[in-house]
Every structure is written in C-alpha cells, then in structure tokens.
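One structure is given here, and the rest of the page talks about it.
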Amino acid sequence: MLRIKRVPTVVSNYQKEETEEAAAAARRVSGCGRNCLNKCCIQGAKLPLYAFKRVNKFKTEMGVHGHEVREPEPPVAFLDSLVLGEWEDRVQRGLFRYDVTACETRVIPGQYGFIAQLNEGRHLKKRPTEFRVDKVLQPFDGNKFNFTKVGQEEVLFQFEASEDGEVQFHPSAPIDVENSPSVVAINVSPIEYGHVLLIPRVLECLPQRIDRDSFLLALYMAAEAGNPYFRLGYNSLGAFATINHLHFQAYYMALPFPIEKAPTKKIISTGSGVKISELLNYPVRGLVFEGGNSLEDLSNTVSDACICLQENNIPYNVLIADCGKRIFLLPQCYAEKQALGEVSSELLDTQVNPAVWEISGHMVLKRKKDYEEASEENAWRLLAEVSLSEERYQEVNALIFEAIARGDDANGGVAESVIGEADAKPKSGGEVDAINKNSCPAMVSGTPECLVLHSGSRYCGLMIRYCFYKLASAMTY
Amino acid sequence: MDSQLGLIEQSFNNRYTLWVHEALDELPDSFTITDPSISGHPIVFASRGFLKMSGFSRAEIIGRNGRMFQGPRTNRRTIMEIREAIREERPIEVNLLNYKKDGTPFWMLFKMSLVFGKEDGRATHFVAVQVPIVSRKHMRNSGMSYSEDGGGSRLREIVFGSCRREVCSDSLLDLDRVLALDSDDTGLEIEDSCEASDLEKRKAATAIDNILSVLTHYSQLTGRLVCGKRCSLPGMGFISSSLYISLGRIKQSFVLIDPHLPDMPMVYASDAFLKLTGYDRNEVVGQNCRFLNGVDTDTTVLYQIKESIRTEQACTVRILNYRKDKSSFWNLLHISPIRNASGKIAYFAAVHTEEGCRNQDRHGLSLEMRQLSAIGAIKVAVRSLSMGAGPSKS
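Residue numbers (UniProt numbering), protein chains in the order written: chain A, 1 to 477; chain B, 1 to 394.
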C-alpha cells in the first residue's frame, strides 16, 4: 500500500486533525456550536439559492435563420456577480487565512507563459497526515474532515437546476435536507481571487469520484457563469485531491492558462458530435473534449472517460475551461512516483503538488527562491514528471475510447450485431508493419473474433475511426 | 441605446474628420473597426465589402461585438488567441470560421491590427480585415484524407490483412461510409481547418496598410494623430484597453482612483457614474473626486474616507454628493483598495449607489451585494491584467 506524507491544504476554518475530530465528537452533546451543515446545526438554516436554467443546447451566438438579439458584450453575468459579491463579502468579514491579492504573481517569460505565485501562507505547518495514494476510489469516511463540517458562513449559496426552466434567485432559501442541495463554498486558503468549491449534494457525503450527474452540474456552472476566465477543476484521489468528499474547485484568472494555448490534434468525433483531440507539445499528455450536440452529450462523454479511469485505478485531473466548451482530461502518475521514491529531491523540495491548476500552468510556490528562479524549463521539467509515458498514455487512451464508444452506443440506439471481444489490453500487432506500439484493441490479430463491421453501430464507427487515427499517426512517422 | 450610438459616433469624430467615412467606404476590402474604450468593445465601422460578405446591414452590426459572427464550428482555441491578442494589444493573423447572416459558415483569413494615439500611446481602435479563403486547400488533422485517394485503400489493405477471419463481405463497402461519417449531424459540409494562401495573406496586408493610411491621413486634419505602431509610451495613470474592456463590463457606478499620482485623481469612470452625476468623461477623468462634494457634505465623513485610504482599509459611508446640475443625492459609497499582481495597492475603487433607488435589482441581488460584486470584478481585472511580464510569444 503506497502512502506519502503530506501537509494538506486547509480549505475550511473548521478543518482539524482527524484525531482531534474524533475526540471532539466524543465530547459533543447536541449542536456543535459551530453552525455547520451537519444534522446538529442544519435545521432551519437558510442560504441564498441560485437555480440555473437547464440549457441543453449550447447558446449559439446566432440562429441559422435570422439572429438572436444579443447585447454587444454580455455584462458581468448574474452568477458571476453572485460569486464575486459573496466572495468579497467574506473577504471583508475576515474569513480567509490571508489576502490572496497581496500575493505576488507573475507570468514567466517564455513560449507558454506559465504563471507563478509566491504564497507562503497557503500551507500551514502542522503534523503531516498519512495519505493513501494508490487507490483512486476510496469509501467516504465520516470521521475525516468533510464538507458537512464547514461553517455555514463559509457557504456562499446553493446551486440547483431550476424547476421551470428560468433562472431564479432566492436571497434566503431554506436548505432542503431531504433532497440534499449542491452548494458553493469558499476555499479559505485561496489560490486566486474567487477560489470556491462546488460540492454536489453536500449532505449525501459522496466520496471523491465523478459520476454523470455531478459532472453535468459542474459543466452547468461553467456555462452559467459565462466567463472564460472562471474555470473549474477536479482532482481525483491519487492526483492530489486533499479531501475525500466529492468537490470541484473554481476561481478567476483573467489570463490564458498555458494548457489552453497548447496545440491539439483531432483524434475523432463521437456519434454525439463530441470532438476529442490530444494535446501536442505540452509536458503533460492528455485529451481535449469539445463540441457535442448538447451540453449533456459533452458532459456524458467526459464523465464516461473519467469513470473508466477511476475503475482502472488511474489517477487523473480535469480542467473545465472556456465556459464549459473545452475540457481537458489528464491522467497522471506523480503521486505513485513520489511514493516509490522516483522523484528527484530538487523537485520534491519545491513542495509543489501537481494538481489540476499546476498542470494547467498555474504554480503556487512556497519559497521565495523558487518564485524568483521560476522558469519555463523548471515548470516543464516538473510537469513532465507528472505525465504518463507515451506508451502508458496510449494504453490508457485505448481504454478511454472503448468506454466512450460503449457509452456512445448506449445513447445512440441503433446498435446492431455483436461486436467481437474487443480486447481492452492492446497487443503489439506484429503482423502489420505499420503498427508498432500503437496497436488498436479492435483490430487485434490472433484473436478468434474480429470486429464484425456493421455501419449501423456507433461503437464500430467510433472504434474504427480511432484505429485509423492511430494507424495514420503511425504511418506518418 | 442612444448614448451608445452617441459614443460610437464620437469614437470617430474625436479623432478623424467626417470625410473619413467616405474615404473608408471607397476601399473595396472587407473590414471592421472596433473601439476598446466603449463598453462592450463594439464595432464602430463596417466596410461595404464586409456587409456584402456577411449579408448583414450596417444597422445590424454597428454597436455589436465581433463575436456575433462566431458559431458552433468556430474553433475555440482560435477565439482564445484573438481574445488574448486584444488583451495584449498586439496584432494577429489567423484562419477563422465565421457565419453569415443566413447561417452559412465560411473560412476566412482574419488579420487584426491596432491604431495608437501618437501623443499618448493609447490603443484607440482595432482594425480587423477579413479575406475569404477561396482556395480549397484543406487538411484533415489526422493527415489522412480517407475517401478519394489511394491512401484509403492502402489502409484498408493493411487493416484487413491483419484480421484473419470473419470479416463481413459487405463491410468493405460500408467502411468508406463509416469513415466518412465524421458525425456531422448538422449536415454542413465544412472542413475542420483551413489555411490561407500567400495571395490571400498579401491581400490582407495590403488592406490593412490602406486602412491605416486613410486613418492616419484624416487624423492629421484634427490634430489628434494616430499611427499604426505605438510611438510613445503611455503616461502615468494609463489604463490599457484590455482593462477598459474588463471594467466596461461592470454595470455599477464606480471610479478608480490612483493614489500614487499627485492629488489622487480619478483615472477611470464608468458609464453609470457619468449617468448618475451628469458629467462627461473628459470633465472628470484626471480630477480628484472632491468635485462631488458640496456645501452640505459632512466633513467627518470626508475624514473617515481619508483615513480609510491612508490605512488601506475598505469602508462604507453615507455621504451627500452633488451632480453637475447642482442637485444633491445621498450616496451609499463603498471604497476598497485594489491591488495589482505585485501585491501592492494600485488603485482605490469607489462604488456609488444612490439611496432610494430600487433596493434589489431584477434578479434579487441586494444593493450591497451588487456593490461588492463590482469590487470583486475590479479586483480580478486589475490583478490579472497586471500579471503579464510582457506579451508571451505564442
């Protein structure tokens, strides 16, 4: 069992050591006096409620026949105003551990413009906690810190789908304990202004794992905020999630992230119109998802990929950018390397744990020395350690595409005859010269069953296109 | 919006004599000119060539932002590149997919350049030229064109050579169909990417040159010269066009004060502030806010404000202020320090709300929340936009 010692970031003012927690719990009678979200305090609690409109079709800039009347530039969208206003309110109430706007930040000169921040206050000096990093799926543990323990003042508002298809806002709505609401809370150790946590169905105490519903909620939030500089991120366990209670993070940064600038190469389009590309010329290998006939199609495709990774115990990070229109999926292996002692001490000394923001190109540095010496080469070198190797990455992609094709097929309907055992583990296609390491799971020599091609099946279509992409890539070398 | 149209007219009248419209109309090319200092970064001029190409009328375009021509197949990364070029005030040339009024998508070479004020070095306008890409030199990103050429059949040989058995006989015919299905449900046949030819690039460069020379010429006649490159360094109190664009999205009445300049002048005033107080922008920018105070303004409150600024704290006060027409109003004033990326205070933001106006906006946000959200938006804009060490090279 792989473990590493880490000092977790404090995200709530109520975060305590697990041992202290247990002792406190033993002493507690009724009502913990902290005004938290647990049964002890939640009855009668009220929070603002933002009900978003379920827009399934992406808002098009103009219709095909004639065009929608739109304002020249959308004013700060309502959800945006709500997040900013509530966040500034908590700033003035002194709920944050430090003023993040007083932390020096700069763009490192170079091709990509990595962003470095000097933040000495973010990591508390505490006794380090043991953290298990070799299992992406771990059951929820109520004894450990989770978001039902945050004080209600740290929660900004509830975030739910509106019943009637229109945006609704209630400045003070009761919390429906039976149908646990999803909430947005502050991160008291923010990386940037507006750093919040989106916690789907907080009272259900879901462990940190993505499912279709929760991912869709995150995507709706990105779309609703309508601000390309308000991005959401997700870290799986083993990819530097600090708390095993389902949550996404978000904050404002009115600059492009390096990862957003990286060129991409299209691999395939799915049956539901989702375009999947791979990142090129970036230290971390990953996939980019765009398009889709609807927001839900895009969401389901990405969720299916995440679920596949989870089930195969591959840690990963997700960045939702461009108002939910571009999603980056990055499998990683840094924690495992760390636990096995394979990371250089030089890199370890910076104490940068490469989670989604770091991988996207935003580095928070604790030591002045690291901040002043920050360079594009250093950043690249660190992130290169995070990436899966090319070989492993191709294997993982094959798994992902298989999962997506299955999901696509299930949605697409017209799935006809039997697909042969598409062997998920790639075998080297020795028979074909053009294919060396880039083997296709669907066209495997040596297996008794081969793909029975039936154009009615989306699964086939997608897998064939994927295989051709791989073959074409191989042939161009 | 009358005031917006007024601003748009002013956009040109401030810099160029009226003949500039005719001169620009004589150019055959397709281009648009936008003004970053107007809220929304709207189009202030669209050439005849552009109207013809896009199918829109002038009235449908003037005052709107360029993103109205984007659509679902427009490449998101290209949009980001354009947005960043605007933010960094630098020229850019990209291949872009836009949509006409009737909804048809088309590829064009999009070349954008800037016009700077000669004396103050500010970016006054962005000029964008659009050259439709006629040459059908398209590339499929995978480097492989499946259907027509021999490459497809060679591939098929390899693939099916490797599968030893049980391949449906009709599958070879189906294969082409499956491959061609790039799940283009919309039925619009359009390539994923497109490359402009050298001819098209030259056309664009010439067009830009022509436009710039027209603008330069007609600015000489007003004495407020412009040029195609930044000739002088912007002075103190300079607000970049990208900060203008960001601040322009904030609908509340607010001003930015620069505490480092003598007499702490206002360096930015929002449209809503001008509407509230009745002043014009050029009457207030560069002045200290004290012109808002009058006979009955409480001096203790003024002292409170001064103290908050001195101690770098946020404060909320209720103060009697005066408009240009000398009428007074109670102002719920919220002042907050605004830091830039160095972590030091760059400005103080003062957000004003007239007491007695509707307590909640149409969404239900309290006025307090609206004030705070303005502060938050200002903080994000000032901090982020000062992070750059200079434009990154990509």
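Glycine included, each C-beta is placed from N, C-alpha and C at the ideal position.
Quantities reported herein were computed from a predicted structural model and do not represent experimental measurements.
- If we cut at 7 Å on Cβ distances, does A/Q338 have a partner in chain B? no
Next item on the list: Go to A/Q249, then tell me how far its beta strand (DSSP E) extends in each direction, as first and last residue.
Entry: Segment 248-252, the beta strand (DSSP E) holding A/Q249.
### Query
Is any beta-carbon of chain B found at less than 7 Å from that of A/Y316?
no
ask   = How would you call B/G294, buried or exposed, if buried means at least 16 neighbouring beta carbons within 10 angstroms?
value = exposed
**Request:** For B/F12, count neighbouring C-beta atoms within 10 Å of its own C-beta (all shown protein chains included) and say buried if the count is 16 or more, exposed if not.
**Result:** buried
task: Have a look at B/L256 and A/G461 and give me their C-alpha separation to the nearest angstrom.
output: If you take the alpha carbons of B/L256 and A/G461, they lie about 57 Å apart.
- request: Could you pull the start and end residues of the alpha helix (DSSP H) that A/C308 belongs to?
  value: 295-311
*In angstroms, rounded to a whole number, what distance separates the CA positions of B/T299 and B/L320?*
Using only the alpha carbons, I get a separation of about 10 Å.
Exercise for review: Anything in chain A within Cβ reach of B/L332, meaning under 9 Å, just list it in chain order.
Suggested key: Neighbours of B/L332 on chain A: none; closest Cβ ~15 Å, over 9 Å.
ask   = So does the region 134-152 of chain A actually touch the region 232-249 of chain A, counting three or more Cβ pairs closer than 8 Å?
value = Contact between the region 134-152 of chain A and the region 232-249 of chain A is present, because at least three Cβ pairs lie under 8 Å.
Beta strand (DSSP E) containing B/A128: first to last residue?
123-132
Exercise. So what's B/V44 in DSSP terms, helix, strand or just coil?
Worked result: In the structure shown, the three-state DSSP call for B/V44 is strand.
* Asked: Excluding the five sequence neighbours on either side, which residues of its own chain have a C-beta within less than 7 Å of the C-beta of B/K203, listed in chain order?
  -> Hits under 7 Å: V131.
* Asked: Of all the CB atoms in chain A, is at least one closer than 7 Å to the CB of B/R15?
  -> Not one beta carbon of chain A lies nearer than 7 Å to the beta carbon of B/R15.
Reducing DSSP to helix, strand and coil, say where B/A377 ends up. Helix.
Check: So what does DSSP say about A/Q152, is it helix, strand or coil?
Finding: Assigned with DSSP and collapsed to three states, A/Q152 falls in helix.
Item checked: Residue from A/I276, A/T105, A/V91 with nearest C-alpha to B/C315 -> Out of A/I276, A/T105, A/V91, A/V91 has the C-alpha closest to the C-alpha of B/C315.
Quiz prompt | Under 9 Å from the C-beta of B/G388: neighbouring residues of chain A | solution = R106, V107, G113, L255
Check: Hey, does A/C103 have any beta-carbon neighbour from chain B nearer than 7 Å?
Finding: yes
_For the structure I just gave you, are there three or more beta carbon pairs, one from the region 202-220 of chain B and one from the region 13-23 of chain B, closer than 8 Å?_
Touching, yes, given that three or more Cβ pairs across the two stretches are closer than 8 Å.
Q: Thinking A/F328 and A/V288 are a contact (beta carbons under 8 Å), I'd like their distance in whole angstroms, please.
A: 6 Å
TODO: Write down every uninterrupted run of the alpha helix (DSSP H) in the region 235-293 of chain A whose length is 4 residues or greater and which is fully enclosed by it, in chain order.
DONE: 258-261
- What is the rounded straight-line gap between the Cα of B/D325 and the Cα of B/G278? 7 Å
Check your understanding: For A/D80, which option in A/G194, A/S236, A/S303 has the closest C-alpha, if you only look at C-alpha atoms?
Key -> The shortest CA-to-CA distance from A/D80 to any of A/G194, A/S236, A/S303 is the one to A/G194.
Query raised in the report: Shortest alpha-carbon distance to A/L49 belongs to which of A/E163, A/Q168, A/D89?
Result: A/Q168
task: Taking only beta-carbon positions, decide if residue 478 of chain A is within less than 7 Å of chain B.
output: No answer is possible for residue 478 of chain A: it lies beyond the span of chain A, which begins at 1 and ends at 477.
Just to confirm the assignment, what range does the alpha helix (DSSP H) spanning A/L347 have? 345-349
Taking B/L372 as the query, report the chain A residues whose CB atoms sit under 7 Å from its CB, ordered along the chain.
G85, E88, D89
| said: Is there a C-beta anywhere in chain B that falls below 7 Å from the one on A/Y252? | reply: yes
What's the gap between the Cα of A/R392 and the Cα of B/D192?
29 Å
- Members of the region 4-28 of chain B near chain A, C-beta cut-off 7 Å: none
(Q) If you follow the beta strand (DSSP E) that B/K111 is in, where does it begin and where does it stop? (A) Element bounds for B/K111: 105-117.
Which stretch, first to last residue, makes up the beta strand (DSSP E) that contains residue 402 of chain B?
-> Residue numbering for chain B in the displayed model covers 1 to 394; residue 402 of chain B lies beyond these limits and cannot be assessed.
Taking the alpha carbon of A/C40 as the point to measure from, which residue in A/H170, A/T148, A/K46 has its own alpha carbon closest? A/T148
Under 7 Å between C-beta atoms, does A/D370 make it to chain B?
no
So is A/F52 in contact with chain B if we call contact Cβ pairs under 7 Å? Chain B, which has no Cβ nearer than 7 Å to the Cβ of A/F52, makes this no.
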